[in-house]
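A short write-up of the structure that comes next.
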Amino acid sequence: MPLHQAVKRALALATSLILGLAASVASAADQAGDFDFYVLALTWSPSYCENARRPDPRQCNLDIPGFVVHGLWPQYERGYPQYCASNLPRRLPSSTISGISDVIPSPGAVQYQWEKHGICAGLRPELYFTTMRQALRRVTIPEAYRDVRNDIHSQARSIEAAFITANPGMSDRGIAVSCDRDGVIEVRICLTRRLDFRRCTEVDRQSCRLPTIDLPAVD
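Using this note's numbering, the letters of the sequence shown map in sequence onto residues 226 to 444.
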């Protein structure tokens, strides 16, 4: 076979393989609306503002003395979808971002949460953020963690127990306190698609293992 024909055949084969791989990746992409339950993630705002690598001043300048919503995340029983394939808009209008600022104070965080997690719910932006509000209203923040003006030193199981006591129907297998290496603390609560409390083994297993958790007050 002449060299130029061999080269052409090799190029054609390589192109076919690349296209096949691209099609395989596209078909395997997470699909919007295909998930099992939600996780409502609540961040302790003072720890975020004190320890995050790039805290958003638009949140931290508000000196919020407690929890704020990090996100409402669609989940699988194992793992979670992200950046889902969908015809939903990727970019949010400024009116939508400002309309949820009392729940997520950082505009950049609103956009990021929508692109990574919100689209995966398969809901239009207005309905997704309405669902987020409903999820937040579903959860009662324990009195000890509202309007905190002095540092709190606690343990993950104590924080979880306070939430369980304040929220009848919540299971100790349906909540996890998360702590990252930067010291940012979150409470993650599992909810059905109808926003009822439910168990979630994988999320529960990720609960913080530190012997002591520090929840700083607003400086």
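Glycine included, every Cβ here is placed at the ideal spot set by N, Cα and C. On a predicted model such as this, the values are computed, not experimentally measured, just so you know.
With respect to the 8 Å criterion, R283 and P318 are not classified as neighbours on the basis of their beta carbons. Annotation for S319: the continuous alpha helix (DSSP H) segment containing it runs S319 to G324. Under the three-pair Cβ rule at 8 Å, the stretch 309 to 318 does not count as touching the stretch 273 to 282.
The C-beta of P393 has fewer than 16 other C-beta atoms within 10 Å across all chains shown, which makes the residue exposed.
For A386, the secondary structure class from DSSP, reduced to helix, strand or coil, is helix. In the assembly as shown, A346 is a buried residue. Its beta-carbon has 16 or more other beta-carbons within 10 Å.
In the three-state DSSP reduction, Q256 falls in the strand class (E or B). The Cβ atoms of F262 and R423 sit closer than 8 Å to each other.
Annotation for E340: the continuous alpha helix (DSSP H) segment containing it runs P332 to K341.
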